[in-house]
Amino acid sequence: MGGVASYVGVDLGAESGRVLLGELEGDRFSVREVHRFANVPVRLPDGLHWDILHIYRQVLEGVSKALRAASGEVRSLGVDSWAVDYGLLDSRCALISNPYHYRDARTEGMMERAFERLPRSEIFRRTGIQFMPINTLYQLLAEASHPEISLAQHFLMIPDLLNFWLTGVMASEYTNATTTQLFSARDRAWDLELIELMGIPSRIFGEVVAPGTRLGTLRDEVGRELGAHGQLEVVAVASHDTASAVVAVPAESDSFAYISSGTWSLVGTELAEPLLDEPALRYNFTNEGGYGGTVRFLRNVMGLWIVQECRRAWEREGEVLDYDALMAEAGRAQGMVAFIDPDAPEFLRPGDMPSRVVDFCRRTGQRPPSTRGEVVRCVLESLALKYRWVVERLVEVTGREVSALHVVGGGSRNALLCQYTADALGMEVIAGPVEATALGNIAVQALGGHDLREIRQVIRGSVSLRSYEPSPERGLWEEGYQRFLSILQHTEE
1 MGGVASYVGV DLGAESGRVL LGELEGDRFS VREVHRFANV PVRLPDGLHW DILHIYRQVL
61 EGVSKALRAA SGEVRSLGVD SWAVDYGLLD SRCALISNPY HYRDARTEGM MERAFERLPR
121 SEIFRRTGIQ FMPINTLYQL LAEASHPEIS LAQHFLMIPD LLNFWLTGVM ASEYTNATTT
181 QLFSARDRAW DLELIELMGI PSRIFGEVVA PGTRLGTLRD EVGRELGAHG QLEVVAVASH
241 DTASAVVAVP AESDSFAYIS SGTWSLVGTE LAEPLLDEPA LRYNFTNEGG YGGTVRFLRN
301 VMGLWIVQEC RRAWEREGEV LDYDALMAEA GRAQGMVAFI DPDAPEFLRP GDMPSRVVDF
361 CRRTGQRPPS TRGEVVRCVL ESLALKYRWV VERLVEVTGR EVSALHVVGG GSRNALLCQY
421 TADALGMEVI AGPVEATALG NIAVQALGGH DLREIRQVIR GSVSLRSYEP SPERGLWEEG
481 YQRFLSILQH TEE
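At position 411 of the sequence shown (counting the first as 1) the number is 411 in full-length UniProt numbering, and the numbers step up by one without a gap.
As structure tokens, then:
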């Protein structure tokens, strides 16, 4: 690998979007952010939506900045985003309406409606996907009775929609398609029979392509607007942001678990084939597509969303707070006061999250946290204990021991949460890279023909990692875990 090759990664998150410039020189990657923008949903009379035109406008602005900042030839760009959300296009390939936000309340009751048409166990046997009301299946089921669905001719998930606008090429990328709960885990194709049973038109689901597929070059008018010289290719990367993040897990063996930590926490491991048996269903694990034909066997945990919503609630009351200040307050607060189940339904929707934390603690017979610091510490300790619960079930279901736990993504910067995770699990936690999603996105563009082990070797040599060892206070954490397990009985089946 000689010279400098440049690549553009577009990474869209639930709070913000970013455009990053990645450069590969020799066998080392570097990544830097060139553009960031707020990704704020819009509440309309019919529900909560993403402002997709604003997102696209900001993507174009960011790509333009990256092209100007590159020190080498920009060879390609790739887009990743959160999962499950989508746009519907009509016969003219025009967007019918702004995509709904996955936290929109229209999916309430849709899981039960789906189970009337096909048993829960059969849906899992077919798709291997965990049951969450935000899943694409339940979103489309909510729309099935709306007139807009009759106009729909094409279904594209968020990265696929942006790729289409950039290139004019319409395709569904595999890793994100698998998250919909409309995709056959065994056949690795749309489950058209399931789709029709749900009353969703199967005609809208098109070609599925593997991560690393080169879709084509920018449309002429887009290239002119961006000032792109030559033919800039767009690559369908592992477009589910967690799939890109898992590419960048700096693992040296196969016996690892990971936590992709951010607004959501994805706790899992990597398998060669899906696990579709009863224990996987009972513990609500999911089998999502990964790079190179791998399976991301994982479970979603609510993640730092709860802290983010707490911060927003306090800011509405006139407090100006940054995350560092909140973490400092949490570190000084009394520990092990009370616990929540981060995955309890009341924590899914936006709202007054501090009050919900307090109410949950009261409802479960605990003394509720009384200060900001205690609220945040309660959430962080509860997340760490839920990670332990998931990892224990992961070992039970897969029959594989975990020799290393990697925390990647933005949450790997949260020293308090990483330390609590090491304490709760009683094992070393390896934190980093922070920019796992961007690195995975860009690595698939640059090294798409390489084996996953080779890609990870290059990433490992390109980043700094931090290790967290369990503290001596294991007894306190063991006692806390037993209390936590009793709390889970209120929300876990």
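Idealized CB from N, CA, C, for every residue including glycine.
Might you give, ordered along the chain, the residues of its own chain that have their beta carbon closer than 7 Å to the beta carbon of residue i, omitting 5 neighbours on each side?
{"i": "A70", "result": "S6, L21"}
{"i": "F155", "result": "Y86, L88, I204, F205"}
{"i": "A422", "result": "E428, V429, Y468, E469, P470"}
{"i": "G72", "result": "G3, V4, A5, S6, E23"}
{"i": "C93", "result": "H154"}
{"i": "W50", "result": "P41, D85, N98, P99, H101"}
{"i": "A446", "result": "A5, Y7, L24"}
{"i": "E273", "result": "V295"}
Pull up the CB-CB distance for residue i and residue j, whole angstroms please, since I reckon it's below 8 Å.
{"i": "D46", "j": "R126", "result": "With a Cβ gap of about 31 Å, D46 and R126 do not count as contacting."}
{"i": "E435", "j": "V31", "result": "5 Å"}
{"i": "L182", "j": "L137", "result": "6 Å"}
{"i": "L232", "j": "S121", "result": "Wrong, their Cβ atoms sit about 47 Å apart, outside the cutoff."}
{"i": "T178", "j": "E288", "result": "5 Å"}
{"i": "V247", "j": "A443", "result": "6 Å"}
{"i": "E79", "j": "N176", "result": "Sequence inspection shows Val at residue 79; the Glu mentioned does not correspond to that position. 10 Å between Cβ atoms; not a contact."}
{"i": "P147", "j": "M110", "result": "With 8 Å as the limit, P147 and M110 do not qualify as a contact, their Cβ atoms being about 18 Å apart."}
{"i": "S172", "j": "E207", "result": "7 Å"}
{"i": "P433", "j": "L425", "result": "Between L425 and P433 the Cβ distance is about 20 Å, and since that is not below 8 Å, they are no contact."}
Distance check for residue j and residue i, CA to CA, integer angstroms please.
{"i": "L417", "j": "A384", "result": "7 Å"}
{"i": "G373", "j": "V391", "result": "27 Å"}
{"i": "M1", "j": "V234", "result": "In this predicted model, M1 has a pLDDT of only 46, less than 50, meaning its place in the structure is not dependable; the value taken from the coordinates is given anyway. Going by the C-alpha atoms only, they are around 21 Å apart."}
{"i": "H490", "j": "P342", "result": "12 Å"}
{"i": "N135", "j": "G3", "result": "43 Å"}
{"i": "E252", "j": "I55", "result": "36 Å"}
{"i": "V42", "j": "R312", "result": "16 Å"}
{"i": "R57", "j": "A245", "result": "25 Å"}
{"i": "E15", "j": "H450", "result": "32 Å"}
{"i": "P368", "j": "M327", "result": "19 Å"}
{"i": "V375", "j": "N414", "result": "16 Å"}
{"i": "Y387", "j": "L394", "result": "10 Å"}
{"i": "P201", "j": "D90", "result": "13 Å"}
{"i": "R18", "j": "L298", "result": "25 Å"}
{"i": "V40", "j": "I52", "result": "10 Å"}
{"i": "residue 500", "j": "V408", "result": "Residue 500 cannot be examined here, being either before or after the span of the chain that is shown, 1 to 493."}
{"i": "R363", "j": "I306", "result": "18 Å"}
Short of 8 Å in beta carbon distance, which residues of its chain neighbour residue i, apart from the five on each side in sequence? Order them along the chain.
{"i": "F256", "result": "V249, T269, E270, V402, S403, A404, L405, H406"}
{"i": "R117", "result": "L197, M198, G199"}
{"i": "E346", "result": "R356, D359, F360"}
Pick out whichever of the options has its Cα sitting closest to the Cα of residue i.
{"i": "N300", "options": "A344, A338, C310", "result": "A344"}
{"i": "A333", "options": "R377, Q181, E207, V74", "result": "R377"}
{"i": "S471", "options": "Y420, P433, V375, R400", "result": "Y420"}
{"i": "E380", "options": "S91, T263, Q58", "result": "At residue 380 the sequence reads Leu, which differs from the Glu that was named. Per the Cα distances, T263."}
{"i": "V34", "options": "A14, E23, L53, G62", "result": "G62"}
{"i": "residue 521", "options": "W389, G449, E25", "result": "Nothing can be reported for residue 521, as the shown portion of the chain is limited to 1 through 493."}
{"i": "S261", "options": "A94, V10, D451, G411", "result": "G411"}
{"i": "D220", "options": "L166, D11, D324", "result": "L166"}
{"i": "Q308", "options": "G331, D352, A272, F297", "result": "D352"}
{"i": "S462", "options": "R316, E25, F29, I340", "result": "F29"}
{"i": "E280", "options": "P159, E25, F124, G227", "result": "In the sequence as displayed, the identity of residue 280 is Ala instead of Glu. Measuring from the Cα of A280, the nearest candidate turns out to be F124."}
{"i": "A338", "options": "D51, N98, F484", "result": "F484"}
{"i": "L275", "options": "E319, Y323, E193, R400", "result": "R400"}
{"i": "S64", "options": "E173, A228, Y102", "result": "A228"}
{"i": "V295", "options": "A189, A330, V320, A243", "result": "A243"}
{"i": "L67", "options": "P99, E319, R453, G230", "result": "G230"}
{"i": "R453", "options": "I195, G292, A83", "result": "G292"}
{"i": "T371", "options": "G365, P350, A330, L348", "result": "A330"}
{"i": "H240", "options": "R460, I455, A83", "result": "A83"}
{"i": "V169", "options": "R474, L218, A185, Q139", "result": "L218"}
{"i": "A142", "options": "L161, W314, R186, E108", "result": "E108"}
{"i": "E145", "options": "E315, F131, R106, C310", "result": "Note that residue 145 is Ser in the sequence shown here, rather than Glu. That would be R106, whose Cα lies nearest to the Cα of S145."}
Beta-carbon within less than 6 Å of residue i's beta-carbon, same chain only, minus the 5 sequence neighbours each way: which residues are those?
{"i": "D104", "result": "G47, L48"}
{"i": "I129", "result": "Q181, T286"}
{"i": "G448", "result": "G212"}
{"i": "L12", "result": "S81"}
{"i": "G480", "result": "M336"}
{"i": "V10", "result": "V19, V59, V79"}
{"i": "A210", "result": "Y174"}
Is there at least one Cβ from chain E nearer than 8 Å to residue i's Cβ?
{"i": "V10", "result": "The structure shown contains no chain E, having only a single protein chain."}
Whole alpha helix (DSSP H) elements within the stretch 114-198, 4-residue minimum: Whole alpha helix (DSSP H) segments, 4+ residues: 120-127, 136-143, 148-151, 158-167, 174-177, 192-197.
For the stretch 314-366, list the beta strand (DSSP E) runs that are entirely contained and at least 3 residues long, ordered along the chain. For the stretch 314-366, not a single whole beta strand (DSSP E) run of length 3 or above is found.
Run through the stretch 3-81 for me and flag every whole alpha helix (DSSP H) of 4 or more residues, listed as ranges in chain order. Inside the stretch 3-81, DSSP marks whole alpha helix (DSSP H) runs of 4 or more residues at positions 52-69, from first to last along the chain.
What runs of the alpha helix (DSSP H), each 4 residues or longer, lie entirely inside the stretch 413-437? Residue ranges of uninterrupted alpha helix (DSSP H) with 4 or more members, entirely inside the stretch 413-437 and ordered along the chain, are 415-425.
Could you pull out every unbroken alpha helix (DSSP H) segment of at least 4 residues lying fully inside the stretch 196-230, listed in chain order? Secondary structure remark: continuous alpha helix (DSSP H) runs of at least 4 residues inside the stretch 196-230, in chain order: 220-226.
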